[in-house]
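**Student:**
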Amino acid sequence: MSWISEKAHVELQRVRDAQAKQIYPYFRAFESGGLHTTIGGKPIVNFSSNDYLGLTNHPKVKEAAKAAVDQFACGLSSSRVQATATLHVELEERLAAWYGFEKSLIFTTGYQAMVGTITSLADKDTTVILDNLSHACILDGTFLAAGTPMRAPEVRFFNHNSAKALDRVLRKRDRKNALVMIEGIYSLDGDEAKIQEFVDVCAQHENVAMVCDDAHGTGTLGKGGRGIIEKYGLEGQVPVVISTFSKTFGGIGGILLGDADVVDFIKHNARSFLFSASLPVPIVAAASTILDMLEADGEALVNELHEKSAYMRKGLTDIGFDLGDSNSHIMPIMIRDETKAMFTHVALLENGVLMVPIMYPAVKEGEERLRLNVTRGHTYEDMDRALDLLRTYADSFSLVGDTAKTAGT
Ligand SMILES: Cc1ncc(COP(=O)(O)O)c(C=O)c1O
């Protein structure tokens, strides 16, 4: 056996144990798309999806993608430098106008958009300042920049969502320029960034630019679904926003928004953009159709999501669940115990409800949770069914109240 196989075997012990107990929760294969699908032939409602407005499976979206397959096929066989389609350009112009930025650029994934942005902007004159609960794409982009010869920005963290902590780091930084990284809504905890406080703190220091990853705010925050900037009226105060097509926009793809020069600079520098194939045009057509819907009906769509979120939140809190710091449609059910989280997941799935457990190392030990995202595509019957099951398990698995707290400590 090579050392690679030995290493892999040792590292996989935890996975093998969970599989042997038949509670391994990941990579379950759906047999169709959408929030209502089947796994192993059994119908399930997916509560761990990021299809926030429930538009991914809309007939018009699928029709647009099918038509684009006929015109452009499934790939353009190269990177955007030599494989840009008219639909990429049109959607970039529309996205910039809709979000209220000078220019936008479509990457093949949101992850690549973030990595490419940080590695383009952060150099030896820069301190990259990160929330300590930053998404992997922010961490990876930062560490890649930090490890790149001749660039090596300084890297500093601040306590999650604390403008005071950010202020301290801004004062103590070593480099001239600061690149402050925040997220509109934090995906595992479901809490909004205290963005107004961050903007205010940044304004008190020289040479500070903020990048906001609004992957989870697009389609869910702001009157028209334009995200956290729209919600708090911060147009013009956050120079770069990054989002994704992999949630509200129903497909895959990254969105970079900023001033024309900034976007053009990243376009000509980001290796994750220049050296990876362009986003397939059928996906562009699907996202473009969802943008049509947001332009026409954004307010109604977002309101419906908020009404459903409020209903589910009340149901969960009435049962007594701890939802951590969540104040959005992302409502992690804090179980705070790995075995209980896995067993609750299996019991829910047996009864047609999917809530994927999130465990160490994705979150700290003692912060194990079930991922519960309410979407506009869920029906009230879906939510009632999930709540009925959760009420039963809260009791039988001691998930709420003092017993749960003791188990989690
Ligand atoms: C906060 C955040 N940023 C970026 C991404 C990456 O987006 P994509 O799926 O388009 O690569 C995600 C998706 O998991 C995310 O949650």
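In this note's numbering, the protein residues as written are 1 to 409.
We put the beta carbon where it would ideally sit given N, CA and C, even for glycine.
A quick note: this is a predicted structure, and the numbers were derived from the prediction, not measured.
Between isoleucine 252 and ligand 3, is there a pair consisting of the residue's CB and a ligand heavy atom that are separated by less than 7 Å?
**Tutor:** Annotation note on ligand 3: not contained in the displayed structure, which lists ligand 1 as its ligands.
**Student:** Looking at ligand 1, does it come within less than 7 Å of histidine 345, judged from the CB to the closest heavy atom?
**Tutor:** no
**Student:** Evaluate the contact criterion for the stretch 260-270 versus the stretch 224-235: three or more CB pairs, one atom per stretch, below 8 Å.
**Tutor:** no
**Student:** Write down every uninterrupted run of the alpha helix (DSSP H) in the stretch 2-74 whose length is 4 residues or greater and which is fully enclosed by it, in chain order.
**Tutor:** Fully enclosed alpha helix (DSSP H) runs of 4 or longer: 3-11, 13-20 and 59-72.
**Student:** Going by alpha carbons, who is nearest to phenylalanine 72 out of Leu35, Leu130, Asp17 and Leu279?
**Tutor:** Leu279
**Student:** Just reading off the beta strand (DSSP E) that alanine 209 is part of, what are its end residues?
**Tutor:** If you look at alanine 209, you'll find it in the beta strand (DSSP E) that goes 208-213.
**Student:** How big is the Cα-Cα spacing for alanine 136 and valine 115?
**Tutor:** 10 Å
**Student:** Quick one: what does DSSP say leucine 239 is sitting in, helix, strand or coil?
**Tutor:** The question names leucine, yet the displayed sequence has proline at residue 239. Coil, per DSSP.
**Student:** Any idea which residues DSSP pairs isoleucine 185 with across the strands?
**Tutor:** Residue pairing by DSSP puts isoleucine 185 in a beta bridge opposite Glu192.
**Student:** Between which residues of its own chain and threonine 248 is the CB-CB distance below 6 Å, once the five residues before and five after are set aside?
**Tutor:** Counting only Cβ-Cβ distances below 6 Å, and skipping sequence neighbours, we find Tyr52, Leu53, Thr218 and Gly219.
**Student:** Assuming valine 414 contacts leucine 179 under a Cβ cut-off of 8 Å, what Cβ separation, rounded to an integer in Å, is found between them?
**Tutor:** No answer is possible for residue 414: it lies beyond the span of the chain, which begins at 1 and ends at 409.
**Student:** Tell me which same chain residues have a C-beta within less than 8 Å of the C-beta of isoleucine 39, skipping the five on either side of it?
**Tutor:** Arg28, Ala29, Phe30, Glu31, Leu349 and Leu354
**Student:** By the three-class DSSP mapping on this structure, what secondary structure does aspartate 322 have?
**Tutor:** coil
**Student:** So if DSSP puts alanine 122 in a beta bridge, which residue, or which two residues, is it bridged to?
**Tutor:** Answer is none; alanine 122 lacks a bridge partner.
**Student:** Let's test the definition: count the other Cβ atoms within 10 Å of the Cβ of leucine 257 and tell me whether it reaches 16, buried, or not, exposed.
**Tutor:** buried
**Student:** Residues in its own chain within less than 7 Å of glycine 298 by CB, not counting five upstream and five downstream?
**Tutor:** Gly224 and Gly225
**Student:** By Cβ distance, which residues of its chain are closer than 8 Å to leucine 130, with the 5 residues on each side in sequence left out?
**Tutor:** Non-local beta-carbon contacts of leucine 130 in its own chain, meaning distances under 8 Å to residues more than five positions away in sequence, involve Ile138, Leu139, Thr142, Val155, Arg156, Phe157, Phe158 and Met181 in chain order.
**Student:** Specify, as a first and last residue, the run of the alpha helix (DSSP H) that phenylalanine 343 falls within.
**Tutor:** 338-350
**Student:** Expressed to the nearest angstrom, what Euclidean distance is found between the alpha-carbon atoms of serine 288 and threonine 244?
**Tutor:** 13 Å
**Student:** Considering only heavy atoms of ligand 1, does any lie closer than 7 Å to the CB of aspartate 140?
**Tutor:** no
**Student:** Can you tell me whether histidine 36 sits near ligand 1, meaning its C-beta is under 7 Å from at least one heavy atom of the ligand?
**Tutor:** no
**Student:** Starting from leucine 387, trace the alpha helix (DSSP H) both ways and give me its first and last residue.
**Tutor:** 380-396
**Student:** Tell me whether histidine 9 counts as near ligand 1, meaning its Cβ is closer than 7 Å to at least one heavy atom of that ligand.
**Tutor:** For ligand 1, not one heavy atom lies less than 7 Å from the Cβ of histidine 9.
**Student:** So what's lysine 176 in DSSP terms, helix, strand or just coil?
**Tutor:** Coil at lysine 176, not helix or strand.
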